[in-house]
Amino acid sequence: MKRVAILISGGGSNMLALVASMTTDHPARPVLVASNDPAATGLTRAAALGIPVAAVDHRRFGKDRQAFEAELLQHIDAAQPDILCLAGFMRILTPGFIARFEGRMLNIHPSLLPKYPGLHTHARALSAGDTEAGCTVHEVTAELDAGPILGQARVPVLPGDSEDTLAARVLHAEHRLYPAVLRRFAAGDRSPCFL
Ligand code: GAR
Numbered sequence: 001m002k003r004v005a006i007l008i009s010g011g012g013s014n015m016l017a018l019v020a021s022m023t024t025d026h027p028a029r030p031v032l033v034a035s036n037d038p039a040a041t042g043l044t045r046a047a048a049l050g051i052p053v054a055a056v057d058h059r060r061f062g063k064d065r066q067a068f069e070a071e072l073l074q075h076i077d078a079a080q081p082d083i084l085c086l087a088g089f090m091r092i093l094t095p096g097f098i099a100r101f102e103g104r105m106l107n108i109h110p111s112l113l114p115k116y117p118g119l120h121t122h123a124r125a126l127s128a129g130d131t132e133a134g135c136t137v138h139e140v141t142a143e144l145d146a147g148p149i150l151g152q153a154r155v156p157v158l159p160g161d162s163e164d165t166l167a168a169r170v171l172h173a174e175h176r177l178y179p180a181v182l183r184r185f186a187a188g189d190r191s192p193c194f195l
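Okay, here's the thing in structure tokens:
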């Protein structure tokens, strides 16, 4: 049984989809939900499900990312996770932190990577006139949003779409994709999965 820690910054809808998927026949179970924002509503949602939660407010550390990560790591290490899932975690991690979880840290990104790494993915897809959008789960490596792709789900861009309508359609796809990839990954299957 693999132990999964999930890092969030906000509402945590992807975290909830991951947690909901980890039923009895699943090769993994959630052991921690942690956030850089103590006000993240996902923390309350996870706690209500009986999952241990932790918050380390990054603002307390100013620009010192390593000090922030050192405190976050204390919570993560105590939970002894085999796999770390970033699910809407909006802090850049240092190379040292990433190296520590090499090959066992996943991220979900709201675009069809390698298109649109970074922020504002939906606005960029709309202004490029794309007819298709989607999301990607990938392994986290030192280069932002560039690690090996473990899965992608595609959705259409529809006439009249705004950033919000497109984001909602992609988020719905994220909730299918991330659990599908985690189940495979926890079972040792790193071949990419396309929905
Ligand atoms: C999701 O759309 C996720 O792909 C995105 O943040 C949202 C979090 O939603 N992540 C990134 O942009 C990472 N660069 P959630 O808190 O409801 O899961």
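Residue 35 in UniProt numbering sits at position 35 of the sequence shown; the count goes up by one each step and never skips.
All C-beta atoms in this analysis are idealised placements derived from N, C-alpha and C, irrespective of residue type, glycine included.
Which partner residues does residue i have in the DSSP bridge list?
i: GLY151; result: VAL137 and CYS193
i: ARG3; result: ARG29
i: SER35; result: ILE8 and ALA55
i: PRO156; result: GLU132
Please name the residue, chosen from the options, that lies closest to residue i on a Cα-to-Cα basis.
i: THR136; options: VAL155, ALA142, ALA128 and SER127; result: VAL155
i: ARG100; options: ARG59, GLN66 and PHE185; result: GLN66
i: residue 205; options: PHE194, VAL56 and ARG60; result: No information on residue 205 is available, as it lies outside the stretch 1 to 195 that the chain covers here.
i: LEU18; options: THR24, ASP25, GLY11 and ILE6; result: ILE6
i: TYR178; options: MET1, MET22 and LYS2; result: MET22
i: ALA153; options: GLU163, VAL140, ALA168 and GLY134; result: GLY134
i: ARG60; options: ALA70, ILE51, LEU119 and PRO52; result: ALA70
i: GLY188; options: ALA173, VAL33 and GLY103; result: GLY103
i: THR141; options: GLU174, LEU86, ALA20 and LEU43; result: LEU86
i: LEU73; options: ALA47, SER35, GLY50 and HIS109; result: SER35
i: HIS122; options: LEU112, GLU163 and ILE98; result: GLU163
i: PRO81; options: HIS58, PRO52 and PHE89; result: PRO52
i: ASP25; options: HIS75, LYS2, ILE92 and ALA46; result: LYS2
i: PHE89; options: ALA128, THR41, ASP77 and ALA125; result: THR41
i: ILE108; options: LEU166, ASN14 and ALA167; result: ASN14
i: LEU43; options: ILE76, ILE8 and MET105; result: ILE8
i: ARG91; options: ARG184, LEU166 and GLY10; result: GLY10
Counting only beta-carbon separations shorter than 8 angstroms, does residue i have a partner in chain B?
i: ASN36; result: Absent from the structure is chain B; it holds one protein chain and no more.
Just reading off the beta strand (DSSP E) that residue i is part of, what are its end residues?
i: LEU171; result: Run containing LEU171: none in the beta strand (DSSP E); it sits in the alpha helix (DSSP H), 163 to 186.
i: HIS75; result: HIS75 -> not in any beta strand (DSSP E); alpha helix (DSSP H) instead, spanning 65 to 79.
i: ILE108; result: 105 to 109
For the alpha helix (DSSP H) that contains residue i, what are its first and last residues?
i: ILE83; result: ILE83 -> not in any alpha helix (DSSP H); beta strand (DSSP E) instead, spanning 83 to 86.
i: ILE98; result: 95 to 100
i: ARG91; result: Premise fails: ARG91 is in no alpha helix (DSSP H) and is neither H nor E.
i: GLY42; result: 41 to 48
i: MET22; result: Note, MET22: premise wrong, no alpha helix (DSSP H); not H, not E.
i: ALA142; result: Per DSSP, ALA142 belongs to no alpha helix (DSSP H) and is neither H nor E.
i: HIS122; result: 121 to 127
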